[in-house]
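*Asks:* Numbering (UniProt numbering), first residue to last: 1 to 283. Glycine included, each C-beta is placed from N, C-alpha and C at the ideal position. All values reported here derive from a predicted model rather than from experimental measurement. Got a structure here, written out as structure tokens. Questions coming.
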């Protein structure tokens with residue numbers, strides 16, 4: 001039995017099929033972890049979401065910002081969709097309710113102690129060790145899966161607060177947590193989030209750090225797989241192994257590649273080239 005992790009699909013179902021064929025994935029025996037952003041911007045979001053859901057227990061999927069955007073748009077008028085969104089086919093599908101309910105019950109962070117790996121869409125703030133991060137993931141999942149989840153979805157957008165404080169409460173607390181798990185890239189020396197900057201690691205101004213290079217990061221000894229950041233996955237400026245992190249998003253929807261990493265052996269990467277649906281700046 002093999003265990004793989006795959007980066008952001010973003011509706012590129014054809015490329016997912018090709019990658020699974022490349023790695024000889026057997027859904028009756030093998031397992032796969034997905035780094036989130038199953039849907040949006042690519043041409044086959046509905047097919048991708050159905051496929052991943054139908055893998056059942058063979059797949060572990062953490063939630064990304066585009067997955068959360070889909071859940072939010074499901075409770076708004078379709079006029080709220082962004083011009084580049086490719087979510088309407090999901091919202092109009094006869095099985096939309098089942099797909100959205102399944103998505104709403106996915107985790108934000110998964111950690112396998114035996115394998116020694118965790119997976120998150122974006123990252124972890126430096127103030128949290130893995131135990132703290134898992135506790136915050138459960139807190140967020142309880143809100144998303146609870147009876148008041150529509151209220152949570154209505155208040156999750158925004159860049160504030162940008163600094164962790166255990167005393168945070170209500171929507172502010174949940175918004176900070178979800179921004180870490182699904183949107184973060186850079187932090188300052190005090191761990192304050194900078195959610196506006198989207199350049200690659202090593203291209204940021206002085207005073208900012210990729211989240212995995214943050215001074216005093218408490219999860220530094222944990223092996224963490226992450227997606228979300230295509231310029232990180234395509235960058236040669238950082239030796240990620242020095243920080244125990246694995247950048248899985250290699251920009252399939254941009255015309256880059258879709259990438260898999262094998263977890264149950266000594267590692268090993270496989271990628272396939274992608275068609276590309278967007279140009280930089282459109283995501």
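Can you name, in chain order, every residue of its own chain whose Cβ lies under 6 Å from the Cβ of residue 3, other than the five neighbours on each side?
*Replies:* Once the five neighbours on either side are set aside, the close Cβ partners of residue 3 are 31, 263 and 264.
*Asks:* With which residues is residue 240 paired in a DSSP beta bridge?
*Replies:* DSSP lists no partner for residue 240.
*Asks:* In whole angstroms, what separates the C-alpha of residue 162 from that of residue 29?
*Replies:* Using only the alpha carbons, I get a separation of about 42 Å.
*Asks:* Assign residue 80 to buried or exposed, taking buried as 16 or more other Cβ atoms, counted over all protein chains shown, within 10 Å of its Cβ.
*Replies:* Counting Cβ neighbours within 10 Å, residue 80 comes out exposed, since fewer than 16 surround it.
*Asks:* So the candidates are 108, 165, 55 and 255; which of them puts its Cα closest to the Cα of residue 10?
*Replies:* It is 255.
*Asks:* Quick check on this structure: which residue in 23, 34, 170 and 198 has the alpha carbon closest to the alpha carbon of residue 292?
*Replies:* A query on residue 292 cannot be resolved here, the shown segment of the chain reaching from 1 to 283 and no further.
*Asks:* Which class does residue 245 belong to by DSSP, given the choice of helix, strand or coil?
*Replies:* Reduced to three states, the DSSP call for residue 245 is strand.
*Asks:* If distances are taken between C-alpha atoms only, which option among 88, 177, 83 and 131 comes closest to residue 121?
*Replies:* Ranking 88, 177, 83 and 131 by Cα distance to residue 121 puts 177 first.
*Asks:* Tell me, please, which residues DSSP counts as bridged to residue 223.
*Replies:* Answer is 117.
*Asks:* Taking only three categories from DSSP, how would you classify residue 269?
*Replies:* Strand, per DSSP.
*Asks:* Count Cβ pairs between the stretch 202-212 and the stretch 122-137 that sit closer than 8 Å; are there 3 or more?
*Replies:* Judged by Cβ distances under 8 Å, the stretch 202-212 makes contact with the stretch 122-137, as three or more pairs qualify.
*Asks:* Where residue 157 and residue 175 are concerned, what is the direct C-alpha to C-alpha distance, given to the nearest angstrom?
*Replies:* In a straight line, the C-alpha of residue 157 is about 7 Å away from that of residue 175.
*Asks:* By how many angstroms is the C-alpha of residue 248 removed from the C-alpha of residue 230?
*Replies:* Whole-angstrom Cα-Cα distance: 8 Å.
*Asks:* Let me know if residue 33 comes out buried or exposed under the rule of 16 or more other beta-carbons within 10 Å of its beta-carbon.
*Replies:* Buried is the call here.
*Asks:* Assign residue 189 to buried or exposed, taking buried as 16 or more other Cβ atoms, counted over all protein chains shown, within 10 Å of its Cβ.
*Replies:* So residue 189 ends up on the exposed side.
*Asks:* Specify the secondary structure class of residue 16 as computed by DSSP and reduced to three states.
*Replies:* Three-state result, residue 16: helix.
*Asks:* Residue 137 lies in the beta strand (DSSP E); which residues open and close that run?
*Replies:* Counting along the chain, residue 137 falls outside any beta strand (DSSP E), though it belongs to the alpha helix (DSSP H) covering 130-145.
*Asks:* Between the alpha carbons of residue 100 and residue 149, how many angstroms are there, rounded?
*Replies:* Looking at the two C-alpha atoms, the distance is approximately 12 Å.
*Asks:* With a threshold of 16 other CB atoms inside 10 Å of the CB of residue 142, please say whether the residue is buried or exposed.
*Replies:* Flag for residue 142 reads exposed.
*Asks:* For residue 261, list the residues DSSP reports as bridge partners.
*Replies:* DSSP lists 5 and 269 as partners of residue 261.
*Asks:* Below 8 Å on the Cβ atoms is my contact criterion, and I expect residue 168 with residue 15 to pass it. Report the Cβ-Cβ distance as a whole number of Å.
*Replies:* Their Cβ separation, rounded to whole angstroms, is 39 Å, which puts residue 168 and residue 15 out of contact at 8 Å.
*Asks:* Identify every run of the beta strand (DSSP E) within the stretch 83-119, keeping only runs that are complete inside it and at least 3 residues long; order them along the chain.
*Replies:* Whole beta strand (DSSP E) segments, 3+ residues: 109-112.
*Asks:* Using a threshold of 7 Å, state whether the C-beta atoms of residue 227 and residue 7 are closer than that.
*Replies:* The answer is yes: Cβ separation under 7 Å.
*Asks:* Could you pull the start and end residues of the beta strand (DSSP E) that residue 169 belongs to?
*Replies:* Where residue 169 is concerned, there is no enclosing beta strand (DSSP E), given that its DSSP letter is neither H nor E.
*Asks:* Taking its Cβ as the centre, do 16 or more other Cβ atoms sit within 10 Å of residue 232, making it buried, or is it exposed?
*Replies:* Residue 232 should be labelled buried.
*Asks:* Specify, as a first and last residue, the run of the beta strand (DSSP E) that residue 250 falls within.
*Replies:* From DSSP, residue 250 is part of no beta strand (DSSP E); its letter is neither H nor E.
*Asks:* Which of helix, strand or coil does DSSP assign to residue 23?
*Replies:* Coil.
*Asks:* Tell me whether residue 47 is buried or exposed, calling it buried when 16 or more other Cβ atoms sit within 10 Å of its Cβ.
*Replies:* Label assigned to residue 47: buried.
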